[in-house]
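Enquirer:
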Amino acid sequence: MLDRRAFLATLSAAPALASSPPLKFGHRAASLKMVGDFDVVRVAAQVRGLSGIELQTAQGDPNLWDLDAVRRYKREGYRWGIAFPSISGIWGKGVSIRNSPVAGVQLLQSIRAAEILGSTVILVAFFRDNCPAMDDESQYGPVVELLQQAAPFARDAGVVLGLENSLNPADNAKLVDLVASPAVKVYYDLDNCEYYKHTGQAVPGIELLGRDRICQVHVKNETRLIEEPGRVDWRAAFAALKRIGYDGWYVFESSHASREQMIEATERNIAFIRQQLS
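Every position in the sequence shown, counted from 1, becomes a number in our numbering once 270 is added.
The following block contains the structure:
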């Protein structure tokens, strides 16, 4: 039985606990090779600590252009206690943010799907040749304009357009600042930053971008556990994310040999991240 002093101590601790949002972990359906498969929701529910799935939009059969499929995913989410923090893969075949007349249409379609699903982030990807040079206004200007046109629709739907690309952190900050909307931020993938030859910039990029520009974070280390050596020093990364007060979702984009290995590795990765952020 608690004595009076211990009881009062628990009461005084309660507000502090409530002031810290819980850590939130999701996994990409594409990395699980379950695009277009409603069973991905049940599979995610088997992983201790995993509470979300990032769905692909334009890929799979059915895909998220089919709003009946969106509603079924939503029902499955309620059934299994799984959220859909974000959707990705929003471009149809041959569509690019830079050179396709239907890019704006597909952005709006994605916003509608995300709103129904309850997702708060749409991953807007553009890499390599589809990525504008940020020292050439003729390249980045149309991208800024398109995002500015889509941003009010995203904001009204309660959705953020999260940019994931092959730019370095400073150029990502420049792009987001030019759009100048709270509905357009960076979906930060540290491993991609290093992969696209911005060597040594991934971890410093966290504080360069800051909490206000980062809407979500991809976590991956190819086939290895997050704690193992790779392109990114994840211990330093989580320390930096903690310093800036990031409290959004961590979405795994890991490769797995089997479902059993996925469950074991993801649970170990979640435990490691919790330890780093405690």
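Yeah, the Cβ is synthetic: ideal placement off N, Cα and C, and Gly gets one too. Quick caveat: nothing in here was measured; it's all calculated off a predicted structure.
For Q419, which of I386, Q376, Y457, D399 has the nearest alpha-carbon?
Expert: Residue mapping note: residue 419 aligns to position 149 of the sequence shown, counting from 1. Q419 has its Cα closest to that of Q376, out of I386, Q376, Y457, D399.
Enquirer: Go to R318, then tell me how far its alpha helix (DSSP H) extends in each direction, as first and last residue.
Expert: As a working mapping, residue 318 is identified with position 48 in the sequence shown. Segment: none, R318 is in no alpha helix (DSSP H) and carries neither H nor E.
Enquirer: According to DSSP, is V454 part of a helix, a strand, or is it coil?
Expert: Locating residue 454 in the sequence shown gives position 184, counting from the first residue. Strand.
Enquirer: Looking at the structure shown, is A353 part of a helix, part of a strand, or coil, going by DSSP?
Expert: As a first step, residue 353 is located in the sequence shown; it is residue number 83 there, counting from the start. Looking at A353 - three-state DSSP - the assignment turns out to be strand.
Enquirer: Measuring only the C-alpha atoms, how far is A283 from R341?
Expert: On the sequence shown, position 13 is the one that residue 283 refers to. On the sequence shown, position 71 is the one that residue 341 refers to. Since pLDDT at A283 reaches only 49, below the 50 mark, its modelled position is unreliable, and the value read off the structure follows with that caveat. Each residue's alpha carbon lies about 40 Å from the other.
Enquirer: Excluding the 5 residues flanking E324 on each side, which residues of the same chain have their C-beta closer than 6 Å to its C-beta?
Expert: Taking the first residue of the sequence shown as position 1, residue 324 is located at position 54. Taken in chain order, the residues that qualify are G296, R298, S356, S358, V521.
Enquirer: Give the DSSP-derived three-state secondary structure of V340 in the structure shown.
Expert: Taking the sequence shown and counting its residues from 1, one reaches residue 340 at position 70. In the structure shown, V340 sits in a helix (DSSP, three-state: H, G or I).
Enquirer: Counting only runs of 4+ residues fully inside the region 427-499, write out the alpha helix (DSSP H) ranges in chain order.
Expert: As far as the region 427-499 is concerned, its whole alpha helix (DSSP H) runs of at least 4 residues are 439-449, 460-465, 472-479.
Enquirer: State the Cα-Cα distance for the pair L278 and E477, rounded to the nearest angstrom.
Expert: Position 8 of the sequence shown, counting from 1, holds the residue named residue 278. Position 207 of the sequence shown, counting from 1, holds the residue named residue 477. In this prediction, L278 scores a pLDDT of 49, lower than 50, which makes its location untrustworthy; no coordinate-derived value is stated.
Enquirer: Between the C-alpha atoms of Y348 and K444, what's the straight-line distance to the nearest angstrom?
Expert: By one-based count along the sequence shown, residue 348 stands at place 78. By one-based count along the sequence shown, residue 444 stands at place 174. Cα to Cα, the separation comes out at about 39 Å.
Enquirer: From A395, D309, N491, pick the residue whose C-alpha is nearest to that of E464; which is it?
Expert: By one-based count along the sequence shown, residue 464 stands at place 194. The candidate whose alpha carbon is nearest that of E464 is N491.
Enquirer: Considering only residues of the same chain and omitting the five flanking positions on each side of G374, which have a CB-CB separation below 7 Å?
Expert: Counted from its first residue, the sequence shown places residue 374 at position 104. Hits under 7 Å: L416, Q419, A420.
Enquirer: May I ask you to list the residues that DSSP assigns as paired with L393?
Expert: As a position in the sequence shown, residue 393 is number 123, starting the count at 1. G432, per the DSSP bridge assignment.
Enquirer: Assign V456 to one of two classes, buried (16 or more other C-beta atoms within 10 Å of its C-beta) or exposed (fewer than that).
Expert: Here residue 456 is taken as the residue at index 186 of the sequence shown, counted from 1. Result: buried.
Enquirer: At the level of alpha carbons, what is the spacing between V487 and E537?
Expert: Locating residue 487 in the sequence shown gives position 217, where the first residue counts as 1. Locating residue 537 in the sequence shown gives position 267, where the first residue counts as 1. Taking the straight line from one Cα to the other gives about 18 Å.
Enquirer: Please classify D406 as buried or exposed, where buried requires at least 16 neighbouring CB atoms within 10 angstroms.
Expert: Along the sequence shown, read from residue 1 onward, the residue named residue 406 stands at position 136. Exposed, since its Cβ has fewer than 16 Cβ neighbours within 10 Å.
Enquirer: Tell me, which residues are paired with Q326 by DSSP?
Expert: Locating residue 326 in the sequence shown gives position 56, where the first residue counts as 1. Paired residue(s): S358.
Enquirer: With three or more C-beta pairs closer than 8 Å as the rule, is the region 496-504 touching the region 390-399?
Expert: No, they do not touch.
Enquirer: Could you give the DSSP three-state label for V502: helix, strand or coil?
Expert: In the sequence shown, the residue the question calls residue 502 occupies position 232. Looking at V502 - three-state DSSP - the assignment turns out to be coil, as it is neither helix nor strand.
Enquirer: Inspect the beta-carbon positions of L431 and A453 and report whether they are closer than 8 Å.
Expert: Residue mapping note: residue 431 aligns to position 161 of the sequence shown, counting from 1. Residue mapping note: residue 453 aligns to position 183 of the sequence shown, counting from 1. Yes, Cβ-Cβ distance for L431 and A453 is below 8 Å.
Enquirer: Should D461 go down as buried or exposed, given a rule of 16 or more other Cβ atoms within 10 Å for buried?
Expert: Reading the sequence shown from its first residue, position 191 is the one you call residue 461. So D461 ends up on the buried side.
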